[in-house]
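Residue numbering for the sequence shown follows my numbering, beginning at 43 and increasing consecutively. Idealized CB from N, CA, C, for every residue including glycine. Predicted model, so just to flag it, every value in this text is computed and none were measured. I have placed the structure first, in the form of structure tokens, so that the comments after it can refer back to it.
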Amino acid sequence: MATTANSEQAPTSASQVIGRDKDPFLAEENPFEAMMARFDHAAQLLALDPGLYRVLRQPEKQLIVSVPIQRDNGEIDVFTGYRVLHNTSRGPAKGGIRFDKHVTLDEVKALAAWMTWKCAVVNIPFGGAKGGVVCDPSTLSINELERITRRYTSALMDIFGPESDIPAPDVNTNERVMAWIMDTYSMHRRHSVTAVVTGKPVEMGGSLGRREATGRGCMIATREALKHRGLPLKGAKVAVQGFGNVGSIAALLMEQEGVKVVAVSDVSTAIYNGQGIPVADAMQWVREHRYLSGYPGAETIRPEELLTLDVDVLLPAAVENAITRKNAPHITAKVICEGANGPTTPGADKILEEKGVFVIPDILANAGGVTVSYFEWVQDRAAYFWDEPTVNQRLEQILTRSFLDVLSVAQRHGVNMRIAAYMLAIERVAAVHRLRGLYA
Ligand code: NAD
């Protein structure tokens, strides 16, 4: 696909155009740069056509909307909302919405691109998107949160839709928020449109198994990685950073497979017990006390210690940039399963590779969530719902196959799993672009 104006000087491979538009002031931790560093590397190895490289480096659409709402005290406040559609060549855009005071357009752009690659890695027919509203939900009442959600949805009415852009929960949004989006959208359309969002309550078109899907995917990917490394799953020791939806469910399912969960952490504390922490028990503690802090039967350790414990598997399932150049040299785990999005910086990647750590990259490791979101969308459109074993069995099939697909690219090209996942994803998206051609 040629897009250069001057054909005489037209570059012939992506490596000739990579880096020109990079902002030198962006740090290693900038999520868009972190994503693009991997994209650039994979594009170079694929000798991606420069025109396609330019197309895939830019999001298709970036929307900034004002979200005015009346506060409970009668005052009017205006929040800023974003929605970025990175690429829709393979199907409707898919991606979560986060409500957070730290949301930036750069972050939303990175997360949208990650969704493109993630959907392509597991080969489901979606493109990538992400959205966010800059707000601090801890300072908002439930009614204010509902007004923000509905006004943000109405601002994006022409973007959202089962055929065009399908939101899902992300940081600080949940089933309830998805129900409000679905309701607002349906009111405008004058009929119920369940397939406009995923991650809905099961009573109104959500899928069984969705809540556990990301953690289940982490368990499946870890099992496959250990198998590949010739290490037993039973008796393997794991440390889990983050004890929310992804971390706690992954820990629980791994424990059911005979893994010993020796350390877990959340925003309040990190705890360790060499004999194993009973996960269901710890989950019950969090349900009752909100945080892990104070959980009996385990010693408290420094949060940063958790990452460098003597374990077989490390599961970062909390925040971006947890594993950096600083702590990577001290990591002793043999396998890292990235439950969170972007937990490892590009600088850390290099160190981990040199140390021989097998990293299951986020766009593969945590793709169980979007895979079951895809199942939810399929079930809504067919208005025919599957039982939970069917959902889990199909998730198992897709994730096992995807792990082996990525592993095979890694072995063929002599690259790590992250670069292999990007190569597989970019190639799948690029193939569709080539077939579709460039319109007008
Ligand atoms: P969550 O809000 O349910 O849980 C997050 C957990 O991390 C909480 O236990 C919180 O206390 C903990 N945490 C926050 N900051 C921490 C810190 N500095 N150190 C240790 N723990 C900390 O969120 P989640 O849905 O489990 O998502 C976790 C990560 O997984 C995010 O990066 C998210 O984008 C990613 N992810 C989630 C899904 C999904 O389906 N939920 C899918 C794909 C990726």
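> For Leu-153, which beta-bridge partners are listed by DSSP?
Replying inline: Counted from its first residue, the sequence shown places residue 153 at position 111. In DSSP, Leu-153 forms no bridge with anything.
> Going by beta carbon distance, what residues of the same chain come within less than 6 Å of Gln-51, once the five residues before and after it are set aside?
Replying inline: Translated into positions along the sequence shown, residue 51 becomes position 9. Any reading at Gln-51 must be qualified, since the residue scores a pLDDT of 49, below 50, and its modelled position is unreliable; no value is offered.
>> Does the distance between the C-beta of Asp-142 and the nearest non-hydrogen atom of the ligand NAD fall short of 8 Å?
In response: By one-based count along the sequence shown, residue 142 stands at place 100. No.
> Between Asp-429 and the ligand COA, is the CB less than 8 Å from at least one heavy atom?
Replying inline: This structure lacks the ligand COA; its bound ligands are the ligand NAD.
> Do you know how far the Cα of Val-244 is from the Cα of Ile-440?
Replying inline: Here residue 440 refers to the residue found at position 398 when the sequence shown is read from its first residue. Here residue 244 refers to the residue found at position 202 when the sequence shown is read from its first residue. Approximately 22 Å, taken between the alpha carbons.
>> For the beta strand (DSSP E) containing Pro-110, name the first residue and the last one.
In response: Residue mapping note: residue 110 aligns to position 68 of the sequence shown, counting from 1. Its beta strand (DSSP E) spans residues 103-112.
>> Quick check: what's the CA-CA separation for Lys-376 versus Thr-264?
In response: Position 334 of the sequence shown holds residue 376. Position 222 of the sequence shown holds residue 264. In a straight line, the C-alpha of Lys-376 is about 11 Å away from that of Thr-264.
> What are the start and end residues of each continuous alpha helix (DSSP H) run of 4 or more residues lying completely inside the region 169-250, in chain order?
Replying inline: If we require 4 residues or more, the alpha helix (DSSP H) runs fully inside the region 169-250 come out as 184-197 and 217-231.
>> Tell me the DSSP secondary structure of Lys-397 in three-state form.
In response: For the purposes of this step, residue 397 is taken as residue 355 along the sequence shown, with counting starting at 1. Helix at Lys-397.
>> Give me, in chain order, the residues of the same chain whose beta-carbon lies closer than 6 Å to that of Tyr-194; leave out the 5 immediate sequence neighbours on both sides.
In response: Indexing the sequence shown from 1 puts residue 194 at position 152. Counting only Cβ-Cβ distances below 6 Å, and skipping sequence neighbours, we find Val-109, Gly-123 and Val-175.
>> Using a 10 Å radius around the Cβ and a threshold of 16 neighbouring Cβ atoms, would you call Met-296 buried or exposed?
In response: Along the sequence shown, read from residue 1 onward, the residue named residue 296 stands at position 254. It is buried - the Cβ of Met-296 has at least 16 other Cβ atoms within 10 Å.
> Do you know whose CA, among Tyr-333, Arg-460 and Ala-452, lies nearest Glu-380's CA?
Replying inline: Here residue 380 corresponds to residue number 338 of the sequence shown, with the count starting at 1. Among Tyr-333, Arg-460 and Ala-452, the Cα nearest to that of Glu-380 is on Arg-460.
>> Can you tell me whether Gln-326 sits near the ligand NAD, meaning its C-beta is under 8 Å from at least one heavy atom of the ligand?
In response: Mapped onto the sequence shown, residue 326 falls at position 284. Set against 8 Å, the gap from the CB of Gln-326 to the closest heavy atom of the ligand NAD is not smaller.
>> Please give the ranges of any alpha helix (DSSP H) in the region 285-373, keeping only runs that are unbroken, at least 4 residues long and fully inside the region.
In response: 287-298, 321-331 and 345-348
>> Tell me the DSSP secondary structure of Ala-472 in three-state form.
In response: Stepping through the sequence shown from its first residue, residue 472 is reached at position 430. Of the three classes helix, strand and coil, the one that applies to Ala-472 here is helix, per DSSP.
>> DSSP three-state label for His-128, please.
In response: Within the sequence shown, residue 128 is the residue found at index 86, counting from 1. Strand at His-128.
> CA-CA distance, Pro-320 and Cys-260?
Replying inline: Reading the sequence shown from its first residue, position 278 is the one you call residue 320. Reading the sequence shown from its first residue, position 218 is the one you call residue 260. Straight-line Cα distance between these residues: approximately 19 Å.
> Which residues mark the beginning and the end of the beta strand (DSSP E) in which Phe-141 is found?
Replying inline: Counting from one through the sequence shown, the residue named residue 141 turns up at place 99. Here the beta strand (DSSP E) through Phe-141 covers 135-142.
> Under the criterion of a Cβ to heavy atom distance below 8 Å, does Pro-385 qualify as lining the ligand NAD?
Replying inline: Taking the sequence shown and counting its residues from 1, the one referred to as residue 385 is at position 343. Yes.
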